[in-house]
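Here is the structure we will look at, set down as structure tokens.
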Amino acid sequence: MALCLTTAVTSIKLLVTAFTLVWTHSIEKIDWQEQWQVAPDGLLLAAATVRGSGAGMEVPDGAVWQNGAWTYK
1061 MALCLTTAVT
1071 SIKLLVTAFT
1081 LVWTHSIEKI
1091 DWQEQWQVAP
1101 DGLLLAAATV
1111 RGSGAGMEVP
1121 DGAVWQNGAW
1131 TYK
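Residue numbering for the sequence shown follows the working numbering, beginning at 1061 and increasing consecutively.
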């Protein structure tokens, strides 16, 4: 599989099947991670992990608290 990233100036092709996005919430200062899979029909969110909750960070029904974080699929 390949993931193509494109801007107004250039494109880059990455030969990956999965990747993780990690960032810190700008207000709550809480870590957030998303694991993505590259599939033939596009990107699929495999799982997400949030190390707390706060403004705009509500976890969905079915999320599980484990190892100090909410995890959901």
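Where a beta carbon is used, it is the ideal one built from N, C-alpha and C, also for glycine.
The structure presented is a predicted model; accordingly, all values stated were derived computationally and were not measured.
Roughly how many angstroms lie between the CA atoms of residue i and residue j, to the nearest whole one?
i	j	result
W1096	K1133	11 angstroms
L1063	P1100	10 angstroms
S1113	F1079	23 angstroms
V1070	S1086	Strictly speaking, residue 1070 in this sequence is Thr, with Val absent from that position. Taking the straight line from one Cα to the other gives about 28 angstroms.
Is it right to say residue i is buried, meaning 16 or more other beta carbons lie within 10 angstroms of its own, or is it exposed?
i	result
T1142	Missing from the structure shown is residue 1142; the chain here goes from 1061 to 1133 and no further.
W1130	buried
T1109	buried
Three-state secondary structure (DSSP) at residue i?
i	result
V1099	Position check: residue 1099 holds Ala in this sequence, whereas Val was assumed. Three-state result, A1099: strand.
Within the 8 angstroms Cβ cut-off, does residue i reach chain D?
i	result
K1073	Within the model displayed, chain D is absent; a lone protein chain is all it includes.
Hey, residue i and residue j: beta-carbon distance below 8 angstroms or not?
i	j	result
V1076	M1061	yes
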